[in-house]
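J.:
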Amino acid sequence: MTPPLRSGREARDAGPAPRAARAHGKAVLFGEHAVVYGAPAVAVPLPALAATASATLRASGPPSRIESALYAGPAEGAPAPLSPVVEAIRAALDLVGAPAAHVSIRSDVPVGRGLGSSAAVAAAVVQAVAGAVGRALDPEERHGLIQVAERAAHGTPSGLDARAVVAAGPIRFHAGLAAPLALGAPLTLVIADSGAPGSTAEAVAGVRAMRDARPHTAGTLIDRLGSLAKGSTEDLASGDLDALGARMTDAHGLLRLLDVSTDALDALVGAAARAGALGAKLTGGGLGGCVVALAASPAEAEEIAGSLAAAGARQVWTMTQQATTSIPEATR
Ligand code: MEV
Numbered sequence: 012m013t014p015p016l017r018s019g020r021e022a023r024d025a026g027p028a029p030r031a032a033r034a035h036g037k038a039v040l041f042g043e044h045a046v047v048y049g050a051p052a053v054a055v056p057l058p059a060l061a062a063t064a065s066a067t068l069r070a071s072g073p074p075s076r077i078e079s080a081l082y083a084g085p086a087e088g089a090p091a092p093l094s095p096v097v098e099a100i101r102a103a104l105d106l107v108g109a110p111a112a113h114v115s116i117r118s119d120v121p122v123g124r125g126l127g128s129s130a131a132v133a134a135a136v137v138q139a140v141a142g143a144v145g146r147a148l149d150p151e152e153r154h155g156l157i158q159v160a161e162r163a164a165h166g167t168p169s170g171l172d173a174r175a176v177v178a179a180g181p182i183r184f185h186a187g188l189a190a191p192l193a194l195g196a197p198l199t200l201v202i203a204d205s206g207a208p209g210s211t212a213e214a215v216a217g218v219r220a221m222r223d224a225r226p227h228t229a230g231t232l233i234d235r236l237g238s239l240a241k242g243s244t245e246d247l248a249s250g251d252l253d254a255l256g257a258r259m260t261d262a263h264g265l266l267r268l269l270d271v272s273t274d275a276l277d278a279l280v281g282a283a284a285r286a287g288a289l290g291a292k293l294t295g296g297g298l299g300g301c302v303v304a305l306a307a308s309p310a311e312a313e314e315i316a317g318s319l320a321a322a323g324a325r326q327v328w329t330m331t332q333q334a335t336t337s338i339p340e341a342t343r
């Protein structure tokens, strides 16, 4: 695409001072892959892994520009991994009726680890672009714009990541919508990065190929993953962590049979179990990326985290989501 011609003088800023917008990573507890075929899923936000963006609008050219750790320069020339962000910027500019923006991005969400990096960055970017014209996106506008980036990243996104990276607490996701989940007990998780990137696009395509070649086998696995997701919401509500952990380990076994695990992920799941985790599984698209383990308490989580680091995890995070006293109605 040809960039717009520039006049001899620098184009001036059209909008107010840049506003920072924020989203966060996520971990899928249940239902990844199955959710692409309409099954329910459960995800938790990872507020410690933040993506932030600020944007300044331009009245006319120069073309949009990105400043990030990965790349700084015209949006048109951004490397392929940034194309979902470029698409999100374009779609947000179209929505607010602005020609171009300079967008600065910072993200602590590791890329290609199943923790929602592309959706989190897109969520921050589209809010920043809209914020630069003093416009607050409504949740469905924001969701639609994040999905533009997600489609560029992996073709047929369920919308789970787009909802989870802006959620205030754990969500149950089904048929495009998210509802807040009740927690009957604190939920303490350990997330460990295998160090190997995984391509969600490749993993989703692999599951689709299995579904085409062996519809009965893949269909059964998908149904069972959906049933685990459904049952997990009851465990979460009643605070039955033993049952929840057992479901996580079962889900990992089913995801292995869907061919989206790796030796490194299986090894981390095994290490978590030996260290006393109540359950563990890969999280997100798989074929690399992370595992999530359930701990009985924050002290247990530290033990498990140490064992996972010793077993070769590149990075380990722990988080505790407190039990729910009331559920915010606004989560969608
Ligand atoms: C990725 O976090 C979750 C997947 O189910 C893909 C999707 O929901 O679009 C693998």
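The opening position of the sequence shown corresponds to residue 12 in the numbering used here, with each subsequent residue numbered one higher. Note that beta-carbon positions come from the ideal geometry of N, C-alpha and C, so glycine has one too. Keep in mind that this is a model prediction, so the values were computed, not measured.
1) Using CA atoms only, rank isn't needed, just tell me which of R183, R124, L252 and T231 is closest to A203.
2) Go through its chain and collect everything with a Cβ distance to A50's Cβ below 7 Å, but skip five positions before and after it.
3) Between the segment 65 to 80 and the segment 191 to 210, do at least 3 Cβ pairs fall closer than 8 Å?
4) Per DSSP, H185 is paired with what?
5) On the DSSP bridge assignment, give the partners of D234 in chain order.
6) Helix, strand or coil for E43, going by three-state DSSP, please let me know.
7) Using the rule of at least 16 other Cβ atoms within 10 Å of the residue's Cβ for burial, across every protein chain shown, is G26 buried or exposed?
8) Evaluate S205 with the Cβ neighbour count: other Cβ atoms within 10 Å of its Cβ, from every protein chain shown; 16 or more gives buried, anything less gives exposed.
9) Would DSSP call L198 helix, strand or coil?
10) Please say whether E78 and S115 have beta carbons closer to each other than 8 Å?
11) Check for me: the beta strand (DSSP E) holding T336 runs from which residue to which?
12) Given A186, which residues of its chain have a CB within under 8 Å of its CB, disregarding the five upstream and five downstream residues?
13) Buried or exposed: which applies to T211, given that a residue is buried once 16 or more other Cβ atoms fall within 10 Å of its Cβ?
14) Given 7 Å as the limit, tell me if G125 has its C-beta closer than that to any heavy atom belonging to the ligand MEV.
15) Determine the direct distance from the alpha carbon of G180 to that of G256, and round the result to whole angstroms.
16) Tell me the residue span of the beta strand (DSSP E) that contains V303.
17) Report whether the distance from the Cβ of G180 to the nearest heavy atom of the ligand MEV is below 7 Å.
18) So does the segment 89 to 105 actually touch the segment 158 to 165, counting three or more Cβ pairs closer than 8 Å?
19) Just to check, is the beta-carbon of P6 closer than 7 Å to a non-hydrogen atom of the ligand MEV?
20) Please state whether DSSP places L16 in a helix, a strand or coil.
21) Shorter than 7 Å, the distance from the beta carbon of E43 to the closest heavy atom of the ligand MEV, or not?
T.: In this structure, then:
1) Taking only the C-alpha atoms, the option nearest A203 is R124.
2) The residues are G42, I233, L236, G237 and A240.
3) The segment 65 to 80 is not in contact with the segment 191 to 210.
4) According to DSSP, H185 bridges with L188.
5) Secondary-structure assignment with DSSP links D234 through no beta bridge to anything.
6) Residue state, collapsed to three classes: coil.
7) Only weak support is given to the placement of G26: the predicted model assigns it a pLDDT of 44, under 50, and the question is left unresolved by the model.
8) Classification of S205: buried, given that the 10 Å Cβ count is 16 or more.
9) Reduced to three states, the DSSP call for L198 is strand.
10) In contact: S115 and E78 (Cβ atoms closer than 8 Å).
11) Careful: T336 lies outside any beta strand (DSSP E) and carries neither H nor E.
12) Exclusion of the five residues before and after A186 leaves G49 as the residues of its chain whose Cβ lies within less than 8 Å of its Cβ.
13) So T211 counts as buried.
14) Within the cutoff, so yes.
15) Straight through space, the alpha carbons of G180 and G256 are spaced by roughly 19 Å.
16) DSSP places V303 in the uninterrupted beta strand (DSSP E) bounded by C301 to A306.
17) For G180, the CB stays at least 7 Å from every heavy atom of the ligand MEV.
18) Short answer: they touch.
19) No statement about residue 6 is possible, as the shown extent of the chain runs from 12 to 343 and does not include it.
20) Residue confidence for L16 is low, a pLDDT of 25 falling below 50, so the modelled location carries little weight; the figure read from the coordinates is stated next. L16 falls in the coil class under three-state DSSP.
21) Taking the Cβ of E43 as the reference point, at least one heavy atom of the ligand MEV falls within a distance shorter than 7 Å.
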